[in-house]
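Colleague: Our numbering applies: residue 187 is where the sequence shown begins, and numbers increase by one. Okay, handing you the structure first.
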Amino acid sequence: MPPRSRNPISRRERPAKPALTRAGIVATAVEILRAEGLAKVTMRRLAQELDTGPASLYVYVANTDELHAAMLDDLLGEVDLDTAAGGDDWRERLVGVLNSYTLVLFAHPELARAALAARPNGENYLRLLERLLALLDEGGVPAAQAAWGVNVLLQSATATAAEESMRAQAQQRAEQEWDALSHALHEVDGRTHPRLHALADELLSGTPEERLSWSFRMLINGIAETPVRRG
């Protein structure tokens with residue numbers, strides 16, 4: 187029988203584990219995301235980090251999709267809602283907020299793809315929606331068009347970030363595909379494809395940032411001019 191310790195530590199004297207909270211679980215998940223990537227954010231790994239059992243976590247988050255949505259909402263706190271890009275033009279300020287949202291997703295490419303299926307509903311997401319609606323209202327966009335329009339704007343931004351993240355992971359292949367497309371467009375026969383021949387340079391022009399901002403402006407103008415029709 188091993189000798190008994192002369193200075194036993196009572197369980198009552200040991201430091202108590204911090205109480206589990208949804209906010210604490212999400213914060214820990216985001217820490218793992220930043221350090222090791224989304225694939226490492228599992229219920230088992232979270233339970234280890236929080237010194238508890240995986241079953242305890244399901245009291246606070248129902249499943250992985252809900253966890254991803256909560257993580258995204260946490261990261262949306264980084265979106266610049268007060269951007270003054272473009273001065274007093276409400277459209278340019280709206281583009282600035284959408285660009286900021288997209289850049290947050292660019293910084294977390296794996297979560298950008300998950301965001302296509304996991305829609306957040308936390309406080310940061312609600313603040314983002316409120317800001318977008320306020321800017322559309324400032325521009326005189328009818329309420330129904332604004333309500334449907336914010337969904338289109340965020341879907342476009344999220345899909346763009348997800349697509350870009352996949353391109354970044356296969357950068358060399360993406361460059362080869364772009365070079366192949368450029369070659370094909372510039373070699374096209376002007377007699378059979380007159381429009382492609384004439385617009386080859388324009389089809390390939392613009393930086394990714396310029397194209398992103400233009401796509402948002404195009405969507406905003408369409409939202410402002412397209413009435414909602416029901417029934």
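By construction, the Cβ of each residue, glycine as well, lies at the ideal position given by its N, Cα and C atoms. All figures in this text were calculated on a predicted structure; none of them were measured in a lab.
#1: What number of angstroms, rounded off, separates the C-alpha of R397 from the C-alpha of L385?
#2: Taking DSSP as the reference, what is the three-state secondary structure of T412?
#3: Is the CB-CB distance between L297 and L261 below 9 Å?
#4: Does R299 come out as helix, strand or coil in the three-state DSSP assignment?
#5: Quick check: what's the CA-CA separation for D268 versus R313?
#6: Per the contact definition of three or more C-beta pairs closer than 8 Å, is the region 225 to 233 in contact with the region 275 to 284?
#7: Quick one: residues in its chain with C-beta nearer than 7 Å to the C-beta of L232, no 5 flanking neighbours on either side, listed in chain order?
#8: Can the beta-carbon of D259 be found closer than 9 Å to that of G326?
#9: Label G496 either buried or exposed according to how many other C-beta atoms from any shown protein chain fall within 10 Å of its C-beta, with 16 as the threshold for buried.
#10: Among H369, T250, L405, which residue has its Cα nearest to the Cα of Q331?
#11: Let me check understanding here. Comparing Cα to Cα, which of E235, E324, H254, E388 lies closest to S368?
#12: So the candidates are L291, A301, L321, L219; which of them puts its Cα closest to the Cα of E495?
#13: For the alpha helix (DSSP H) containing A384, list its first residue and its last residue.
#14: Could you tell me if P204 is buried or exposed, where buried requires 16 or more neighbouring beta carbons within 10 angstroms of its beta carbon?
#15: Taking A347 and F292 to be in contact with their CB atoms under 8 Å, please state how far apart those CB atoms are, rounded to whole angstroms.
#16: Just reading off the alpha helix (DSSP H) that F251 is part of, what are its end residues?
#17: Between which residues of its own chain and E264 is the CB-CB distance below 6 Å, once the five residues before and five after are set aside?
#18: Under the assumption that A304 contacts A255 (Cβ atoms under 8 Å), give the Cβ distance between them as a whole number of angstroms.
#19: If I'm right that G376 touches H383 with Cβ under 8 Å, what's the distance once you round it to whole angstroms?
#20: The alpha helix (DSSP H) that contains R317, what's its start and end?
Modeller: Quick look at the numbers:
#1: 16 Å
#2: coil
#3: yes
#4: helix
#5: 11 Å
#6: no
#7: I211, T214, A215, L243
#8: no
#9: Given that the chain is displayed from residue 187 to residue 417, the structure contains no residue 496 and the question cannot be resolved.
#10: L405
#11: E388
#12: There is no way to answer for residue 495, as the model of the chain reaches only from 187 to 417.
#13: 380 to 384
#14: exposed
#15: 5 Å
#16: First, the amino acid is wrong: residue 251 is Asp here, not Phe. Its alpha helix (DSSP H) spans residues 250 to 261.
#17: V290
#18: 4 Å
#19: 4 Å
#20: 309 to 324
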